[in-house]
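Listed in order, the protein sequences are those of chains A and B. Counting from 1, one number per residue, gives the positions in the first sequence under the numbering used here. Counting from 116, one number per residue, gives the positions in the second sequence under the numbering used here.
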Amino acid sequence: DAMVIQNPRYQVTQFGKPVTLSCSQTLNHNVMYWYQQKSSQAPKLLFHYYDKDFNNEADTPDNFQSRRPNTSFCFLDIRSPGLGDAAMYLCATSRGQGPRWEKLFFGSGTQLSVL
Amino acid sequence: AQSVTQLGSHVSVSEGALVLLRCNYSSSVPPYLFWYVQYPNQGLQLLLKYTSAATLVKGINGFEAEFKKSETSFHLTKPSAHMSDAAEYFCAVSDPNTGNQFYFGTGTSLTVIP
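Structure, rendered in structure tokens:
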């Protein structure tokens, strides 16, 4: 089945040690999103790619970066994780942007712990 | 700017009882509105969506929601709760004119009591 896959399911890192989270999709969707979801809070959009065009939310810290080497893969890099970055990170895709493409497809998420 | 407010972070209902989860939106233009469900340790799954067609929208698992412009509301209902409905429910809004960034509410945790 076509889907959005996130690896790993659980990730533990140390304070200040760079970490990379991965997302892949078999849907051939143009748009890929990264959301941060802290406990009991709404998912917060960090950034998204429309094809190779990167769109950063204004309040996303510089500590968070993203790469999309091809249509299928997108990575979230946290350069120096702090304790406040512990959260569930959700990857999502949509076929496009605009009235016809309004549905998001989510992966199962990566739960990041920072020690 | 678009936003949604979900009233009640926790809702408990008895099995077989009516489920009502509240969502109010704020938008300068007619929005697109969504309900997503998140089961434990899983990503979000679309329940239903309103995109300016019929105001009463039917979704999966027996859920439905009604868009009421006069009340700026998009409440989610289900006539009879099932144990498997226990999950976190998120209302979301997007502006069809600005590229469809989705903005989520803070979520409502639904508990179903046997």
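Quick reminder that beta carbons are idealized off the backbone N, C-alpha and C, glycines included.
Output yes if chain B places a C-beta closer than 8 Å to the C-beta of residue i; else output no.
i	result
P43 of chain A	yes
K103 of chain A	yes
K76 of chain A	Sequence check: residue 76 of chain A is Leu here, not Lys. Cβ-Cβ to chain B under 8 Å: no for L76 of chain A.
S27 of chain A	According to the sequence shown, residue 27 of chain A is Leu rather than Ser. Output row for L27 of chain A: interface = no.
Measure the alpha-carbon distance for residue i versus residue j and round it to whole angstroms.
i	j	result
V31 of chain A	D51 of chain A	6 Å
S167 of chain B	E203 of chain B	25 Å
P8 of chain A	V114 of chain A	15 Å
P81 of chain A	Q65 of chain A	12 Å
D53 of chain A	D200 of chain B	38 Å
P194 of chain B	T226 of chain B	15 Å
L163 of chain B	F149 of chain B	6 Å
M3 of chain A	L76 of chain A	18 Å
G107 of chain A	M88 of chain A	11 Å
L90 of chain A	K173 of chain B	26 Å
So with CB distances below 9 Å, who are the chain A contacts of residue i?
i	result
G220 of chain B	A42
Q216 of chain B	Y33, L45, H48, N55, E57 and Q97
Please list, in chain order, the chain A residues whose beta carbon lies closer than 8 Å to that of residue i.
i	result
F205 of chain B	A42 and P43
Q157 of chain B	S108 and G109
Starting from residue i, find everything on chain B with Cβ-Cβ shorter than 9 Å and list it in chain order.
i	result
L112 of chain A	Within chain B, no residue comes near L112 of chain A; the closest Cβ sits about 14 Å away, beyond 9 Å.
Residue i: buried (16+ other C-beta within 10 angstroms of its C-beta) or exposed?
i	result
Q25 of chain A	buried
G109 of chain A	buried
I78 of chain A	buried
Y151 of chain B	buried
S250 of chain B	Here chain B has residues from 116 to 229 only, and residue 250 of chain B is not among them.
Q41 of chain A	exposed
L135 of chain B	exposed
F182 of chain B	buried
P229 of chain B	exposed
V208 of chain B	buried
So residue i contacts chain B; which residues on that side make the cut at Cβ distance below 8 Å?
i	result
L90 of chain A	G158 and L159
Are the CB atoms of residue j and residue i within a distance shorter than 8 Å?
i	j	result
L161 of chain B	Q153 of chain B	no
T170 of chain B	N139 of chain B	no
F189 of chain B	F205 of chain B	no
L104 of chain A	F217 of chain B	yes
Would you please verify whether the beta carbon of residue i is less than 8 Å from any beta carbon of chain A?
i	result
K184 of chain B	no
K173 of chain B	no
K78 of chain B	Since the first residue of chain B shown is 116 and the last is 229, residue 78 of chain B is not available in this structure.
Return no unless some Cβ of chain D is closer than 8 Å to the Cβ of residue i.
i	result
S185 of chain B	Absent from the structure is chain D; the protein chains it does hold are A and B.
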